[in-house]
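S.K.: Protein chains in written order, with this note's numbering: chain A, 3 to 212; chain B, 3 to 212. Pasting a structure here, questions to come.
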DNA sequence: CCTGAAAGCATAGCGATGCTATGTATTCTG
DNA sequence: CAGAATACATAGCATCGCTATGCTTTCAGG
């Protein structure tokens, strides 16, 4: 009844946009399609508008993040897992700093919030396991501690991705998360070991601990 | 020798830009000067380019932040002062969320880094006083702890200013800073009191503790 | 098998963008 | 009190995101 839409074109445009972002090239409607063989109208067929492209790019960023977080294997030590998730979060932000910036720029909307919530759920479940295991106090609210861990990760990732802090600053996550988990009731020396092991599972490239 | 440049025009344009930002109106060259009586060329006389205007707007944001931080009166309790500085930081971000976003968007540059460093110095000095007062361990590196405090503040401020978290989330700063300062060696119950008092000095409007 | 309709998508052109070239007005300097 | 340098208004440029138009492709119904 009609010409079929080619999903490969959609991926092509998204990948090219991400690549141009990484190369610090301005991503405009015309520069995006230049050299791809497709015309500017393709962007409107697949994304509706240029804004739709950015939205899709944010979704792509959240998808990559979710994949990265899902790749973290859970262990019998939930505190270790929390640190490993934090390390994976920072690794992802360091590997795709431009995508990370797009994810949290002014255009954040409802669908993005859903994607963010989904990524947060892994943290919440790890906190719950830590409570069950007796590592955290009973009065710890999982969602709150998960949100606080997220704020630490995002604070560091954002300051590094936007420029004010050097990559090395991501290492601050280790003492900061340790402090947070100890305040949640974990035994200090045991916590330090757990966080250290978790961090080593997916440490951001080129960031070594002091 | 030449027609004199009127500083009032510069302020007018900056204020108007900040106001349009708050009102969620698009800030473009033509909409910015519309109704002001000045022409588009004025923007190039005072800021060199539209990018220069954004840079000046970032500086304005850092200046407001520095003013807000400078207004925090230091006390005999350096940990209280650290919390008060954190509260002032978050108050500023909550009052000017759009300006805060502009401050830390992709255009961050060297001069901005200087302005940020200057604002951080107050934190560093407070950490040093806390060490002198015996509240923090000797092995605490002031710049590192100050940076970590900043990361907490920025993480929360950024997540609130860009949308993912509600204003209430700023209250997380209290337990997070408390955990950080305790990990630096402060006595737990004393730390909780100090942070509580510091927070009350400049609490972000409409954010109450749980 | 056609054939008609619906969707993909290339071309061209719209208003609005940031910016610059040019001319005029203004004001401090020697 | 001239002369020159600076401020700034006007107009026009390339490029931006977007849309109107029409050609092309592909599948459904007879």
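Just so it is clear, CB atoms sit at the ideal spot from N, CA and C, and this is done for glycine as well. All of these numbers come straight from a predicted model, not from anything done at the bench.
1. Apart from the five residues just before and just after residue 79 of chain B, which ones in its own chain have a Cβ nearer than 7 Å to its Cβ?
2. In angstroms with no decimal places, state the Cα-to-Cα distance between residue 163 of chain A and residue 120 of chain B.
3. Going by the CB atoms, is the gap between residue 109 of chain A and residue 152 of chain A shorter than 7 Å?
4. To the nearest whole angstrom, what separates the beta carbons of residue 124 of chain B and residue 87 of chain B, a pair I think is in contact under 8 Å?
5. Measuring alpha carbon to alpha carbon, tell me which residue in A:143, A:172 and A:191 is nearest residue 157 of chain B.
6. What is the DSSP secondary structure of residue 25 of chain A, counted as helix, strand or coil?
7. When the Cα atoms are used, what is the spatial distance from residue 58 of chain B to residue 132 of chain A?
8. Can you tell me whether residue 29 of chain B is buried or exposed? The criterion is at least 16 other CB atoms within 10 Å of its CB, across all chains shown.
9. Suppose you measure from the CA of residue 188 of chain A to the CA of residue 161 of chain B; what does that come to, to the nearest Å?
10. Beta-carbon of residue 161 of chain B versus every beta-carbon of chain A: anything under 7 Å?
11. Give, in chain order, every residue of the stretch 100 to 114 of chain B whose Cβ lies closer than 8 Å to some Cβ of chain A.
12. Strictly below 7 Å CB to CB, what residues from chain A border residue 118 of chain B?
13. By the three-class DSSP mapping on this structure, what secondary structure does residue 160 of chain B have?
14. Out of B:141, B:83 and B:17, point me to the one whose CA is closest to residue 38 of chain B's CA.
15. With 7 Å set as the bound, which would you pick, yes or no: does the beta-carbon of residue 158 of chain B sit closer than that to a beta-carbon of chain A?
16. Verify the CB distance criterion: does residue 178 of chain A have a CB-CB separation below 7 Å to chain B?
17. Which residues mark the beginning and the end of the alpha helix (DSSP H) in which residue 65 of chain B is found?
18. Between B:64, B:143, B:127 and B:76, which has its C-alpha nearest residue 111 of chain B's C-alpha?
19. According to the neighbour-count rule (16 or more other Cβ atoms, all chains shown, within 10 Å of its Cβ), is residue 202 of chain A buried or exposed?
20. List the residues of chain A whose Cβ lies closer than 8 Å to the Cβ of residue 149 of chain B, in chain order.
21. Just verifying my parser: in three-state terms, what is the DSSP assignment at residue 177 of chain B?
22. For residue 193 of chain B, which of B:209, B:208, B:176 and B:205 has the nearest alpha-carbon?
23. With DSSP run on the structure shown, which of helix, strand or coil describes residue 205 of chain B?
24. Under 7 Å, do residue 206 of chain B and residue 84 of chain B count as touching if we go by C-beta distance?
25. By Cβ distance, which residues of its chain are closer than 7 Å to residue 1 of chain B, with the 5 residues on each side in sequence left out?
26. Under 7 Å between C-beta atoms, does residue 196 of chain A make it to chain B?
27. Check whether the stretch 139 to 151 of chain B and the stretch 68 to 78 of chain B touch, using three or more Cβ-Cβ pairs below 8 Å as the test.
28. Among A:212, A:154, A:54 and A:159, which residue has its Cα nearest to the Cα of residue 100 of chain A?
29. Would you verify that the beta carbon of residue 191 of chain B is, or is not, closer than 7 Å to some beta carbon of chain A?
30. Do you know how far the Cα of residue 26 of chain B is from the Cα of residue 148 of chain A?
31. In the DSSP assignment, find the alpha helix (DSSP H) that holds residue 38 of chain A and state where it starts and stops.
32. Any beta carbon from chain B within less than 7 Å of residue 95 of chain A's own beta carbon?
33. Is it buried or exposed, residue 150 of chain A, if we count other Cβ atoms within 10 angstroms and call 16 or more buried?
34. What residue does the alpha helix (DSSP H) around residue 124 of chain A start on, and which one ends it?
35. In angstroms, rounded to a whole number, what distance separates the CA positions of residue 5 of chain A and residue 186 of chain A?
M.R.: So, from the listed chains and residues:
1. In the second chain, counting from the first residue as 1, residue 79 of chain B sits at position 77. Here the set comprises 196.
2. Translated into positions along the first chain, residue 163 of chain A becomes position 161. Translated into positions along the second chain, residue 120 of chain B becomes position 118. In a straight line, the C-alpha of residue 163 of chain A is about 21 Å away from that of residue 120 of chain B.
3. To locate residue 152 of chain A, count along the first chain from 1; it is residue 150. To locate residue 109 of chain A, count along the first chain from 1; it is residue 107. No; because the gap between Cβ atoms is not below 7 Å, this pair is not in contact.
4. Working through the second chain from its first residue, we reach residue 124 of chain B at position 122. Working through the second chain from its first residue, we reach residue 87 of chain B at position 85. Confirmed, Cβ separation roughly 6 Å.
5. Within the second chain, the letter at position 155 stands for residue 157 of chain B. Comparing Cα positions, the closest option is A:172.
6. Within the first chain, the letter at position 23 stands for residue 25 of chain A. Coil at residue 25 of chain A, not helix or strand.
7. As a working mapping, residue 58 of chain B is identified with position 56 in the second chain. As a working mapping, residue 132 of chain A is identified with position 130 in the first chain. If you take the alpha carbons of residue 58 of chain B and residue 132 of chain A, they lie about 47 Å apart.
8. The residue labelled residue 29 of chain B in the question sits at position 27 within the second chain. Burial is judged here by how many other beta carbons sit within 10 angstroms of a residue's own beta carbon; residue 29 of chain B has at least 16 and is buried.
9. Position 186 of the first chain, counted from the first residue, corresponds to residue 188 of chain A. Position 159 of the second chain, counted from the first residue, corresponds to residue 161 of chain B. The straight-line gap from Cα to Cα measures roughly 27 Å.
10. Position 159 of the second chain, counted from the start, is the residue given in the question as residue 161 of chain B. For residue 161 of chain B, the answer is yes, since a Cβ of chain A falls inside 7 Å of its Cβ.
11. 103, 106, 107, 108, 110, 111 and 114
12. On the second chain, position 116 is the one that residue 118 of chain B refers to. Within chain A, the residues near residue 118 of chain B are 166.
13. Locating residue 160 of chain B in the second chain gives position 158, where the first residue counts as 1. In the structure shown, residue 160 of chain B sits in a helix (DSSP, three-state: H, G or I).
14. For the purposes of this step, residue 38 of chain B is taken as the residue at position 36 of the second chain. Of the candidates B:141, B:83 and B:17, the one whose C-alpha sits nearest the C-alpha of residue 38 of chain B is B:17.
15. Counted from its first residue, the second chain places residue 158 of chain B at position 156. Taking Cβ atoms only, chain A reaches closer than 7 Å to residue 158 of chain B, which makes this a yes.
16. For this step, residue 178 of chain A is matched to residue 176 along the first chain. At least one CB of chain B lies nearer than 7 Å to the CB of residue 178 of chain A.
17. As a first step, residue 65 of chain B is located in the second chain; it is residue number 63 there, counting from the start. From DSSP, the alpha helix (DSSP H) with residue 65 of chain B extends over 52 to 72.
18. Counted from its first residue, the second chain places residue 111 of chain B at position 109. Measuring from the Cα of residue 111 of chain B, the nearest candidate turns out to be B:64.
19. On the first chain, residue 202 of chain A is found 200 positions in, with the first residue counted as 1. By the 10 Å Cβ count, residue 202 of chain A comes out exposed.
20. Position 147 of the second chain, counted from the first residue, corresponds to residue 149 of chain B. Residues of chain A passing the Cβ test: 167, 171 and 174.
21. Numbered from its first residue, the second chain carries residue 177 of chain B at position 175. If DSSP states are grouped into helix, strand and coil, residue 177 of chain B belongs with the helices.
22. Along the second chain, one-based indexing puts residue 193 of chain B at 191. With distances taken between Cα atoms, residue 193 of chain B lies closest to B:176.
23. The sequence position of residue 205 of chain B within the second chain is 203, counting from 1. The DSSP-derived three-state label of residue 205 of chain B is coil.
24. Against the second chain, residue 206 of chain B aligns to sequence position 204. Against the second chain, residue 84 of chain B aligns to sequence position 82. Contact flag unset, no.
25. Residue 1 of chain B lies beyond the range of chain B shown here (3 to 212); nothing can be said about it.
26. If you number the first chain from 1, residue 196 of chain A lands on position 194. It does not; no Cβ of chain B falls within 7 Å.
27. no
28. Translated into the one-based positions of the first chain, residue 100 of chain A becomes position 98. Ranked by how close their Cα comes to the Cα of residue 100 of chain A, the residues A:212, A:154, A:54 and A:159 have A:159 in first place.
29. For this step, residue 191 of chain B is matched to residue 189 along the second chain. Chain A contact via Cβ: absent.
30. Looking up residue 148 of chain A in the first chain gives position 146. Looking up residue 26 of chain B in the second chain gives position 24. Straight-line Cα distance between these residues: approximately 31 Å.
31. In the first chain, counting from the first residue as 1, residue 38 of chain A sits at position 36. Careful: residue 38 of chain A lies outside any alpha helix (DSSP H) and carries neither H nor E.
32. Within the first chain, numbered from 1, the residue matching residue 95 of chain A stands at position 93. Closer than 7 Å: no.
33. Looking up residue 150 of chain A in the first chain gives position 148. Burial call: buried.
34. Counting from 1 along the first chain, the entry for residue 124 of chain A is found at position 122. From DSSP, the alpha helix (DSSP H) with residue 124 of chain A extends over 112 to 134.
35. As a working note, residue 5 of chain A is residue 3 in the first chain. As a working note, residue 186 of chain A is residue 184 in the first chain. Linking residue 5 of chain A to residue 186 of chain A through their CA atoms gives a straight-line distance of about 58 Å.
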